[in-house]
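Notes follow the structure.
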Amino acid sequence: MRLVFFGPPGGGKGTQAQRVSKDAKAAHIATGDLLREAKAKGTPAGKKAAEYMDRGALVPDEVVNAVLRERLSQPDAKDGYLLDGYPRTVAQAASLEKLLAEMKVPPEKYVFISVPEKLIEERILLRRSCKKCGRVYNLKYNPPPKPDRCECGGELFQRPDDSAEKLRTRLDAYKRDTLPVIERLEKEGKLSVIEAGASGLDEVEALVRGALGLPLASKKK
Ligand code: AMP
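To convert, note that position 151 of the sequence shown is 158 in the numbering used here; the numbers rise steadily by one, no gaps.
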């Protein structure tokens, strides 16, 4: 499938994307992950991105667009993709539309995982990621086996932009730049909206699967 997921920072879109991408036969492409990888490798794009990511601001379109274009051209994305964290601005949405039309792979579905703002802070501050495999936990809602260890044995860490202060900047950017993209898709009747506020991960996953026409997950994750 060719899918685009939207949602506020810390709203769980990445977690749900990880849960459904295999069954949706879609390569999970998260621009945040691509940029963190580029930053860790110290590539020119990564160095540029770091200046913005470290303060919770959006990375300039030309940097993200180049990284995304590269990733979308890889073989595993040919049959399907699940974009997570892109597009985040009206200009990115226009570039994406053009790029995917050129590649003849337009999105089939847009999914918005909606979470009330008051729940976001707690989710972000309790989020931990694995240094080794990249798996993401929440200390309260989706706890790891030990507070500092992943199931794979890797060490867990808190993303530097997951602080209360940087969350403010990220939420401002989300409201100012990304919500208009989401609102336009909704107006055009193209968006599946998942109300994820009070629900647990399995319930949200069931709603996402329903929206995508996928069978329910057979086993607990
Ligand atoms: P995320 O992992 O999606 O929360 O993204 C982490 C950070 O990467 C964001 O706060 C931005 O600095 C940057 N980023 C990720 N995706 C984009 C995008 N589509 N446009 C601009 N910046 C992005």
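A virtual CB, placed ideally from N, CA and C, is assigned to each residue, including glycine.
>> Out of 24, 15, 20, which one is the CA nearest neighbour of residue 8?
In response: Minimum Cα distance to residue 8 is reached at 24.
> Across which residues does DSSP place residue 242 in a beta bridge pair?
Replying inline: Outside the shown range of the chain (8 to 228) lies residue 242, about which nothing can therefore be said.
> Among 211, 88, 105, 177, which residue has its Cα nearest to the Cα of residue 34?
Replying inline: Looking at the Cα atoms, 88 is the closest of the given residues.
> Which class does residue 62 belong to by DSSP, given the choice of helix, strand or coil?
Replying inline: In the structure shown, residue 62 falls within a coil segment according to DSSP collapsed to helix, strand and coil.
>> Here's the rule: buried if 16 or more other CB atoms are within 10 angstroms of the residue's CB, otherwise exposed. What is residue 110?
In response: With fewer than 16 other Cβ atoms within 10 Å, it is exposed.
> Going straight from the alpha carbon of residue 223 to that of residue 51, what length do you get?
Replying inline: C-alpha separation (whole angstroms): 42 Å.
> Should the segment 127–141 be called in touch with the segment 156–165, which here means at least 3 C-beta pairs below 8 Å?
Replying inline: The segment 127–141 is in contact with the segment 156–165.
>> Suppose contacts are defined by Cβ-Cβ distances below 8 Å. Is residue 135 in contact with residue 151 by that definition?
In response: When the beta-carbon positions are compared, residue 135 and residue 151 come within less than 8 Å of each other.
>> Assuming the contact rule is C-beta atoms closer than 8 Å, residue 184 and residue 65 should be a hit. Round their C-beta distance to whole Å, please.
In response: The pair is a contact, with the Cβ atoms about 6 Å apart (cut-off 8 Å).
> Can you list, in chain order, the residues of its chain whose CB lies under 7 Å from that of residue 95, leaving out five sequence neighbours each side?
Replying inline: Excluding the 5 residues flanking it on each side, residue 95 has same chain C-beta neighbours closer than 7 Å at 65, 184, 185, in chain order.
>> DSSP three-state label for residue 71, please.
In response: If DSSP states are grouped into helix, strand and coil, residue 71 belongs with the helices.
> Taking residue 225 as the reference, which of 27, 144, 19 has the closest Cα?
Replying inline: Per the Cα distances, 27.
>> Just to confirm my understanding: we take residue 207, look at its own chain, exclude 5 residues before and 5 after, and list those with CB closer than 6 Å. What are they?
In response: Contacts found: none.
>> So residue 10 and residue 115 are supposed to be a Cβ contact under 8 Å. How far apart are they, rounded?
In response: A Cβ-Cβ distance of about 7 Å is found for the pair residue 10 and residue 115, placing them in contact under the 8 Å criterion.
>> My output table needs one value for residue 143: the three-state DSSP class, helix, strand or coil.
In response: Assigned with DSSP and collapsed to three states, residue 143 falls in strand.
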